[in-house]
């Protein structure tokens with residue numbers, strides 16, 4: 002039996018308005034023994050009299066606006082109406098509330114308008130590289146907020162990237178045909194629905210096959226990427242991590258482990274440098290000094306950006322492909338920021354952050370041992386650009 006508040010309704014055919022009726026009295030005694038009550042007013046609910054249609058629930062349950070309407074139905078019973086506030090059990094997957102995720106849809110933005118805003122908007126470089134990066138991020142966020150639309154998608158819903166406007170239009174037409182058929186029930190309506198259903202199925206299959214073929218062709222020269230796509234396609238893709246009951250605790254464990262490895266390596270390097278200094282040969286000391294970096298020009302920076310990979314980091318204010326599309330408009334600002342960092346001989350603290358992914362070294366090794374994982378850092382695009390320069 003499921004847990005919850007019981008509500009029993011219907012024609013029980015007991016004359017509960019008659020306190021002297023033996024069966025009605027026994028029914029009310031039975032309900033009372035289970036801490037239940039009958040809440041319909043003791044008025045006729047039938048054409049020939051008698052309170053026969055009952056609403057039974059617990060004593061704590063509040064029902065509102067209990068009314069009896071003698072007319073309005075073709076039955077010999079009257080309409081009993083009441084109101085109740087209910088909260089569905091969302092643990093049932095079919096009743097789960099839809100959760101929506103909002104994202105910035107760069108592919109639908111007005112690219113020319115975005116470029117125009119980049120050319121016109123004023124940018125303040127800042128007193129130091131860190132302030133310059135913070136100002137740059139805020140500067141871009143303002144333009145993105147103005148020019149790039151935001152969309153909401155329901156999470157958990159299977160994404161079909163091959164579903165274009167033609168397929169969506171056919172899907173709407175199929176659904177309309179199905180509603181019409183279920184409402185009218187004619188043979189012509191049923192035949193039209195089945196034809197559209199078959200047409201949609203065939204088109205969906207063809208477009209899906211074409212999408213998968215083009216997706217695999219795009220990475221056929223990279224065995225690793227090809228294997229990853231095949232794994233996802235076959236439903237075998239998985240993220241290999243140690244078992245845990247808390248993702249936060251696991252992330253903290255990896256952070257401490259990787260940090261301790263870095264500290265250990267640095268200590269070893271310092272010890273080796275000290276030992277090397279003790280055996281330094283006289284007359285072989287290098288006296289060459291490096292006082293400053295050479296500044297980069299806009300043309301050099303544009304060339305470097307175009308040659309870089311289009312991968313991006315979640316810490317980036319813009320996807321890398323958008324940066325490449327707008328590189329002529331962004332070049333003056335990016336060149337100024339890079340040269341500012343070279344002039345100060347420092348990297349902004351914001352650009353020293355990264356998203357670290359633990360990657361297993363040996364697929365057949367112990368998955369629970371943290372030492373069997375290596376850190377893979379995904380750094381911001383500006384960090385990569387400064388490194389290239």
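In our numbering, the protein residues as written are 2 to 390. Heads up, the beta-carbon is just placed ideally off N, CA and C, and yes, glycines get one too.
Since residue i and residue j are thought to touch, with beta carbons under 8 Å apart, how far apart are those beta carbons, to the nearest angstrom?
i: residue 46; j: residue 7; result: With a Cβ gap of about 20 Å, residue 46 and residue 7 do not count as contacting.
i: residue 151; j: residue 105; result: 6 Å
i: residue 330; j: residue 161; result: Actually they do not touch by this definition, with Cβ atoms about 34 Å apart.
i: residue 56; j: residue 64; result: 7 Å
i: residue 382; j: residue 317; result: 5 Å
What residues in its chain sit with their C-beta under 7 Å from that of residue i, if we drop five residues either side in the sequence?
i: residue 375; result: 360, 362
i: residue 51; result: 16, 18, 45
i: residue 380; result: 314, 355
i: residue 219; result: none
i: residue 48; result: 77
i: residue 24; result: 15
Quick one: is residue i buried, meaning 16 or more other Cβ sit within 10 Å of its Cβ, or exposed?
i: residue 342; result: buried
i: residue 338; result: buried
i: residue 39; result: buried
i: residue 315; result: exposed
i: residue 35; result: exposed
i: residue 169; result: exposed
i: residue 270; result: exposed
i: residue 20; result: exposed
i: residue 290; result: exposed
i: residue 260; result: exposed
i: residue 302; result: buried
Roughly how many angstroms lie between the CA atoms of residue i and residue j, to the nearest whole one?
i: residue 209; j: residue 312; result: 25 Å
i: residue 295; j: residue 346; result: 11 Å
i: residue 225; j: residue 272; result: 39 Å
i: residue 96; j: residue 212; result: Unreliable placement is indicated for residue 96, whose pLDDT of 46 sits below 50; the coordinate value is still reported in the next sentence. Answer to the nearest angstrom: the Cα atoms are 33 Å apart.
i: residue 192; j: residue 165; result: 25 Å
i: residue 122; j: residue 144; result: 8 Å
i: residue 183; j: residue 70; result: 31 Å
i: residue 244; j: residue 332; result: 46 Å
i: residue 298; j: residue 334; result: 12 Å
i: residue 79; j: residue 101; result: 43 Å
i: residue 292; j: residue 388; result: 18 Å
i: residue 203; j: residue 163; result: 13 Å
i: residue 390; j: residue 120; result: 24 Å
i: residue 147; j: residue 241; result: 40 Å
i: residue 248; j: residue 234; result: 26 Å
i: residue 125; j: residue 310; result: 28 Å
i: residue 137; j: residue 154; result: 29 Å
i: residue 111; j: residue 365; result: 49 Å
i: residue 256; j: residue 141; result: 31 Å
i: residue 217; j: residue 186; result: 45 Å
Can you list, in chain order, the residues of its chain whose CB lies under 6 Å from that of residue i, leaving out five sequence neighbours each side?
i: residue 14; result: 53
i: residue 349; result: 130, 131, 134
i: residue 251; result: 245
i: residue 357; result: 376, 378
i: residue 262; result: none
i: residue 228; result: none
i: residue 306; result: 328
Which same chain residues, not among the five before or five after residue i, have their C-beta less than 8 Å away from its C-beta?
i: residue 68; result: 81, 82, 83
Within the segment 128-165, note down every full beta strand (DSSP E) run reaching 3 residues or more, in order along the chain.
151-155
Sequence ranges, beta strand (DSSP E) only - wholly within the segment 223-283, length at least 3
none
Note down, one range per segment and in chain order, each alpha helix (DSSP H) of at least 4 residues found wholly within the segment 323-368.
328-345
Enumerated in chain order, which unbroken segments of the beta strand (DSSP E) with a length of 3 residues or greater are wholly contained in the segment 27-88?
37-39, 54-59, 65-70, 80-84
Please list the segments of the alpha helix (DSSP H) lying wholly inside the segment 178-228, counting only runs of 4 or more residues, in order along the chain.
188-218
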